[in-house]
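Protein chains in written order, with the numbering used here: chain X, 33 to 450; chain S, 33 to 450. Just so it is clear, CB atoms sit at the ideal spot from N, CA and C, and this is done for glycine as well. All of these numbers come straight from a predicted model, not from anything done at the bench. Working notes, structure below.
There are 2 protein chains.
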Amino acid sequence: MRLSQLFTKTRKEAPKDETALNAQLLIRAGFVHKVMAGVYAYTPLGLRVLENIKRIVREEMNAIGGQELIMSSLQPKETWEITTRWDDDIVDVWFKTKLKDDTELGLAWSHEEAIMEMMKQFVESYKDLPVSVYQFQNKLRNELRAKSGIMRGREFVMKDMYSLHATAEDLDAYYQKVIEAYKRIYDRLGLGDDTYVAFASGGAFTKFSHEFQTVCEAGEDVLYLHRDKNIAVNEEVLDEAVKELGISKDDLEMVKSAEVGNIFNIGSEKSEQMNIRFTGSDGKEHPIYLASYGIGITRVMGVIVEKFADEHGMVWPEGVAPAQIHLVRLGADEEVTKAADDLYTKLAKAGVEVLYDDRDAPAGAKFADADLIGCPVRITISNRTLAEGVVEVKRRTEADSKHVKTGEFLKHYHGQHA
Amino acid sequence: MRLSQLFTKTRKEAPKDETALNAQLLIRAGFVHKVMAGVYAYTPLGLRVLENIKRIVREEMNAIGGQELIMSSLQPKETWEITTRWDDDIVDVWFKTKLKDDTELGLAWSHEEAIMEMMKQFVESYKDLPVSVYQFQNKLRNELRAKSGIMRGREFVMKDMYSLHATAEDLDAYYQKVIEAYKRIYDRLGLGDDTYVAFASGGAFTKFSHEFQTVCEAGEDVLYLHRDKNIAVNEEVLDEAVKELGISKDDLEMVKSAEVGNIFNIGSEKSEQMNIRFTGSDGKEHPIYLASYGIGITRVMGVIVEKFADEHGMVWPEGVAPAQIHLVRLGADEEVTKAADDLYTKLAKAGVEVLYDDRDAPAGAKFADADLIGCPVRITISNRTLAEGVVEVKRRTEADSKHVKTGEFLKHYHGQHA
Numbered sequence: 033m034r035l036s037q038l039f040t041k042t043r044k045e046a047p048k049d050e051t052a053l054n055a056q057l058l059i060r061a062g063f064v065h066k067v068m069a070g071v072y073a074y075t076p077l078g079l080r081v082l083e084n085i086k087r088i089v090r091e092e093m094n095a096i097g098g099q100e101l102i103m104s105s106l107q108p109k110e111t112w113e114i115t116t117r118w119d120d121d122i123v124d125v126w127f128k129t130k131l132k133d134d135t136e137l138g139l140a141w142s143h144e145e146a147i148m149e150m151m152k153q154f155v156e157s158y159k160d161l162p163v164s165v166y167q168f169q170n171k172l173r174n175e176l177r178a179k180s181g182i183m184r185g186r187e188f189v190m191k192d193m194y195s196l197h198a199t200a201e202d203l204d205a206y207y208q209k210v211i212e213a214y215k216r217i218y219d220r221l222g223l224g225d226d227t228y229v230a231f232a233s234g235g236a237f238t239k240f241s242h243e244f245q246t247v248c249e250a251g252e253d254v255l256y257l258h259r260d261k262n263i264a265v266n267e268e269v270l271d272e273a274v275k276e277l278g279i280s281k282d283d284l285e286m287v288k289s290a291e292v293g294n295i296f297n298i299g300s301e302k303s304e305q306m307n308i309r310f311t312g313s314d315g316k317e318h319p320i321y322l323a324s325y326g327i328g329i330t331r332v333m334g335v336i337v338e339k340f341a342d343e344h345g346m347v348w349p350e351g352v353a354p355a356q357i358h359l360v361r362l363g364a365d366e367e368v369t370k371a372a373d374d375l376y377t378k379l380a381k382a383g384v385e386v387l388y389d390d391r392d393a394p395a396g397a398k399f400a401d402a403d404l405i406g407c408p409v410r411i412t413i414s415n416r417t418l419a420e421g422v423v424e425v426k427r428r429t430e431a432d433s434k435h436v437k438t439g440e441f442l443k444h445y446h447g448q449h450a
Numbered sequence: 033m034r035l036s037q038l039f040t041k042t043r044k045e046a047p048k049d050e051t052a053l054n055a056q057l058l059i060r061a062g063f064v065h066k067v068m069a070g071v072y073a074y075t076p077l078g079l080r081v082l083e084n085i086k087r088i089v090r091e092e093m094n095a096i097g098g099q100e101l102i103m104s105s106l107q108p109k110e111t112w113e114i115t116t117r118w119d120d121d122i123v124d125v126w127f128k129t130k131l132k133d134d135t136e137l138g139l140a141w142s143h144e145e146a147i148m149e150m151m152k153q154f155v156e157s158y159k160d161l162p163v164s165v166y167q168f169q170n171k172l173r174n175e176l177r178a179k180s181g182i183m184r185g186r187e188f189v190m191k192d193m194y195s196l197h198a199t200a201e202d203l204d205a206y207y208q209k210v211i212e213a214y215k216r217i218y219d220r221l222g223l224g225d226d227t228y229v230a231f232a233s234g235g236a237f238t239k240f241s242h243e244f245q246t247v248c249e250a251g252e253d254v255l256y257l258h259r260d261k262n263i264a265v266n267e268e269v270l271d272e273a274v275k276e277l278g279i280s281k282d283d284l285e286m287v288k289s290a291e292v293g294n295i296f297n298i299g300s301e302k303s304e305q306m307n308i309r310f311t312g313s314d315g316k317e318h319p320i321y322l323a324s325y326g327i328g329i330t331r332v333m334g335v336i337v338e339k340f341a342d343e344h345g346m347v348w349p350e351g352v353a354p355a356q357i358h359l360v361r362l363g364a365d366e367e368v369t370k371a372a373d374d375l376y377t378k379l380a381k382a383g384v385e386v387l388y389d390d391r392d393a394p395a396g397a398k399f400a401d402a403d404l405i406g407c408p409v410r411i412t413i414s415n416r417t418l419a420e421g422v423v424e425v426k427r428r429t430e431a432d433s434k435h436v437k438t439g440e441f442l443k444h445y446h447g448q449h450a
């Protein structure tokens, strides 16, 4: 992607009403556009990051047998009334609207009921279980406040998976598989070292649910960590969890954290409420065991920004960066233009994603933009590097650059930087 | 994809309330799930088709410099009031909702105003033009009736592109480029032979807009074709167009057709209404010329079903089929299972998408499902074919099958069937 052709531009200042660091940086760098509080459009650079995160999540969900589908945003009232979750006093984030004949509809903030309603058609016998489905959905939630940038939006992208099982034991086994898949996801997203499986409030159905929490100053949650035992507890269930787990509060370290995923063992209650059952091998009818597993894709993107940004801008982990290389051309004479164009073409052909700063702009402005945008590696080509037959290589996380022979760089790029 | 693991099942009957052939077949084959009138979820097979259509459209939009982004569904009233299009009397398909403080919001049915509002931040000078952006969006439209299955939904996926230009001439040139790109898209979707660029109502801004209309019995439009001159006119502008184009009504053939794309030359009015301008090379402020270009992705999928289906089920063109090969294993003994598994693995490794019917079911049921699902090529492996060292190959569009040596089939698959 050539920056001269990209329609977004970097900005020195974020909008004054934007208080969250993640949104400030994403707006300044041209990754998102603020439509209103809690509602953002994703411009080409931002969309690339989103798609990279989705790709990683998709691969791991497919690897544990998840089947991708896409449910609807519009939801009929009837599907949610039966579990009482249509009621605004019980679920306080509904956006609701109406058909022309005044039939009330909801805009989906989650899909448990919708999935169960659909599965009624497909799950008849124990032979149809287990089944695991997931989607990347644009969820709408009528949040009272929306001041955390893309970390808590009124419109956001979520991966939600639902697994249905014949028995509680089968559900438990799959639930553990998902926990392992989630760990692989956060590792690949660059968040693995600081992400914990935390005990959290189970809501209506279970004592505890599991949250994936990333230690992060901008997070809205407070986490108590037992680093030796690798135990993490959300503040909201601290007293119960300490008792249950037989640990002492004195051994716990309090940190701020952001929820990056959560999983709920819903059990058979939803199935019983909705009267959706399967015929067991015993010929009798049984309720279906359900679990749901969420990852806020846009939220994770915001957490990554908050967690790794430095005073110069964003710092993207390899797996999610909008490009692997930010190629800066200094000067505009024929020789340097040709050399930079040539390198851009060769890297593209090798399958390396490159942001190519081919604009006529001062070196300082170009370097500042490269830091703000935050790709893992910056390559500079100038008359000086050409004279030496090298490219200047600077990693975003390092202060110093080094010179590498152009041939070596091209030849060994993957080996050096993968 | 193994059918034994796919959670959807084929059905003999569609829901009684579903009158559109496309939805009947898609539901029966397990490609979509009906949530309510005009609202469908896309299950794994349907999602594959959608993604194939999107891939083709994306490649062609990128090839003409389109930059992909994703706008928001939630829309602030202010953005649309300025052009009067917030008014339900002017735009009668809005779904509207409210924030908790009673602020009214709209759910996007289109994005012209939203794009212009965003571009205000990025287009300052003539150097920032032209620019072309597009998205695949889940549009919501409060249709009074929704009886055409996925051909006219209350919730549907649309590719909408918007191009902004400094002059009317520059817009015109790009507009022609998009027409050519659209032709390539319909060719690749298998609709090229029967898709026409038709003159249609221009709405507020121009005399005519251009629609892409596919001849199709299930279509809601009536088209007048001048086959010799390759001219097509929507019934709604017949009288004006005949006059303008200097053709005789007697030479026109009336056909039913479905709109599969439309493009609007909006001109500078939207920019003037919204007071969004750029600084020209003359140092003065000028309005921006805008055009918009839509393709209903889900609608196109519906049209493809309607157009090619036969009495046995759906018939997918190569480019959009959920899989290239539908592999049927007849019998379940060790030898035939091993051979079918082996072929499935080899094809998957060669990058060929395969639906593998590895279920224990009668041959008749398997063949009926293969016809209903509609992949381009059916391959059958049985003890009989194994004894002969062949596979049975049947194209969905042909009545007869033929035997091909297994080695030949594997070796030459791409050559034979691409």
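Looking at the DSSP output, P47 of chain X sits in no beta bridge, so it has no partner there.
Note: A69 of chain X is not bridge-paired with any residue in the DSSP secondary-structure output.
Sixteen is the threshold: when 16 or more other Cβ atoms of the shown chains lie within 10 Å of the Cβ of K171 of chain S, as they do, the residue is buried. For R361 of chain S, the three-state secondary structure derived from DSSP is strand. Per DSSP, the unbroken alpha helix (DSSP H) holding V274 of chain S starts and ends at 270 to 277. In the DSSP assignment, Y325 of chain S is bridged to S:M193, S:I295. For M346 of chain X, the secondary structure class from DSSP, reduced to helix, strand or coil, is coil. About 5 angstroms separates the beta carbons of L379 of chain S and V386 of chain S, which is inside the 8 angstroms limit, making them a contact pair. For G138 of chain S, the uninterrupted beta strand (DSSP E) segment begins and ends at 136 to 139.
In this structure, the alpha-carbon of G251 of chain X lies about 34 angstroms from that of M148 of chain S. DSSP lists S:V409 as the bridge partner or partners of R427 of chain S. For H358 of chain S, the number of other beta carbons within 10 angstroms of its own is at least 16, and it is reported as buried. In chain order, A73, Y74, L79 make up the part of chain S whose C-beta sits under 7 angstroms from the C-beta of I102 of chain X.
Annotation: the segment 149 to 217 of chain S contains the following complete segments of the beta strand (DSSP E) (minimum length 3 residues), in chain order: 163 to 172, 187 to 197. Counting along the chain, V81 of chain S sits inside the alpha helix (DSSP H) bounded by residues 76 to 95. Here H65 of chain S is buried: its Cβ has 16 or more other Cβ atoms, across all protein chains shown, within 10 Å. In this structure the segment 414 to 426 of chain S does not lie against the segment 72 to 83 of chain S, because fewer than three pairs of beta carbons, one per stretch, are closer than 8 angstroms. Counting of Cβ neighbours within 10 angstroms places N174 of chain S among the buried residues, the total reaching 16 or more. Counting other Cβ atoms within 10 Å of its Cβ, H197 of chain X reaches 16 or more and is therefore classed as buried. For Q37 of chain X, the three-state secondary structure derived from DSSP is coil. When 7 angstroms is used as the limit between beta carbons, V163 of chain S is near these residues of chain X: F39, in chain order.
Taking the beta carbon of P108 of chain S as reference, the chain X residues within 9 angstroms of it are V67, M68, V71, listed in sequence order. Assignment of E113 of chain S by DSSP, reduced to helix, strand and coil, places it in the helix class. One thing to note: Q169 of chain S has its Cβ within 8 angstroms of the Cβ of I102 of chain S. Contact annotation: in the segment 368 to 394 of chain X, no residue has its CB less than 8 angstroms from a CB in chain S. Only buried fits L58 of chain S, as 16 or more other CB atoms lie within 10 angstroms of its CB.
Pairing Y321 of chain X with L223 of chain X gives a Cβ-Cβ distance that is not under 8 angstroms. F244 of chain X and M286 of chain X have their alpha carbons spaced roughly 16 angstroms apart. Of the candidates X:R331, X:L38, X:A264, the residue whose Cα lies closest to the Cα of V155 of chain S is X:L38. The beta carbon of M150 of chain X sits closer than 8 angstroms to some beta carbon of chain S. Residue range 253 to 258 is occupied by the beta strand (DSSP E) that includes V254 of chain X.
Against chain X, the CB of N266 of chain S has no partner CB under 8 angstroms away; the residue lies outside that interface. Within chain X, no C-beta atom comes nearer than 7 angstroms to that of T199 of chain S; the closest sits roughly 18 angstroms away. According to the DSSP assignment, Q56 of chain X belongs to the alpha helix (DSSP H) that extends over 53 to 60.
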